[in-house]
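Chains as they are written, first to last, in the numbering used here: chain A, 1 to 206; chain B, 1001 to 1066. Even for Gly, the Cβ is constructed at its ideal location relative to N, Cα and C. As the structure is a prediction and not an experimental result, all values here were calculated from the model.
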């Protein structure tokens, strides 16, 4: 398949073709984060097992978070062999509004980092996985009283205890593809992104 | 997160290593189930707390990493 050519519209039930190269970027603040090194090692080992070429940078500053993402995108766009999947792991302390805190204590918005990669031509139509291990605020879920509980905790207490797939997922529709603006479904920058936060919005990640 | 690493990353790695051929969204649901079952204690409190992942997807196809 020509990586720069028109992207075929996915058929229902289709699966991403991951037969080409895979690339991963792991940016982890490990300073003053006990156990973070264990996460880096575990995730690095998994990426290797799954065939990802992994770039690791520890203790990036807030600016370095953005620079590393930009360089990662540039490398993907200029490499000879196309990639079929990208994984980005961002691990740091989090600010009260969901910011990531670099090793210098300065803030960077994770959404800005995601945007950086959503414009990557080499990844057009390819899955882009983001793992965010960071606090998203200071709320600690104590799970009190079923009527006053956050929605996710009510799931846990109500039988059956397992939240359904549909409950957990917040599906962001392909707005461009659903609009009547004349775009093809494959032209949306926001498609093919999977973001996994370690905590719900506003909450502490453990 | 404690000296063994974070609940999210460690559970994720464990689940994906056990079933790498599975649909990633389904595997993440399983990761979330396991994380939600954990009782955690923050560094500055003795009360048990809960955590829950948030998964956002605009994937258009099944995603299987192996």
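Straight-line gap, residue i to residue j (C-alpha atoms, nearest Å)
i, j, result
"residue 190(A)", "residue 200(A)", "21 Å"
"residue 106(A)", "residue 65(A)", "11 Å"
"residue 25(A)", "residue 89(A)", "6 Å"
"residue 206(A)", "residue 1013(B)", "16 Å"
"residue 112(A)", "residue 196(A)", "15 Å"
"residue 19(A)", "residue 79(A)", "16 Å"
"residue 75(A)", "residue 124(A)", "14 Å"
"residue 108(A)", "residue 1062(B)", "31 Å"
"residue 71(A)", "residue 1011(B)", "29 Å"
Neighbourhood of residue i by C-beta, 6 Å cutoff - its chain only, sequence neighbours within 5 removed
i, result
"residue 81(A)", "21"
"residue 121(A)", "77"
"residue 57(A)", "27 and 68"
"residue 1036(B)", "1052"
"residue 1038(B)", "1007"
Rounded Cβ spacing between residue i and residue j (contact assumed at less than 8 Å)
i, j, result
"residue 127(A)", "residue 194(A)", "6 Å"
"residue 1016(B)", "residue 46(A)", "6 Å"
"residue 1009(B)", "residue 69(A)", "Contact flag wrong, Cβ pair sits at about 19 Å."
"residue 198(A)", "residue 133(A)", "5 Å"
"residue 1019(B)", "residue 1025(B)", "In fact, because the Cβ distance is near 13 Å, the residues do not count as touching under 8 Å."
"residue 136(A)", "residue 35(A)", "Rounded, the Cβ-Cβ distance is 18 Å, inconsistent with contact."
7 Å CB neighbourhood of residue i in its chain, flanking five on each side removed
i, result
"residue 33(A)", "93"
"residue 138(A)", "96 and 204"
"residue 103(A)", "29, 31, 59, 60 and 61"
"residue 1030(B)", "1015"
Whether residue i touches residue j by CB criterion (8 Å)
i, j, result
"residue 52(A)", "residue 23(A)", "yes"
"residue 73(A)", "residue 116(A)", "yes"
"residue 84(A)", "residue 17(A)", "yes"
"residue 39(A)", "residue 1058(B)", "no"
"residue 129(A)", "residue 87(A)", "yes"
"residue 1007(B)", "residue 1064(B)", "no"
"residue 140(A)", "residue 1056(B)", "no"
"residue 50(A)", "residue 1034(B)", "no"
"residue 48(A)", "residue 55(A)", "no"
Where residue i falls, given that 16 or more other Cβ within 10 Å makes a residue buried
i, result
"residue 1021(B)", "exposed"
"residue 1051(B)", "buried"
"residue 1054(B)", "buried"
Cut-off 8 Å between Cβ atoms - residues of its own chain near residue i, not counting five sequence neighbours on either side
i, result
"residue 1032(B)", "1052, 1053 and 1055"
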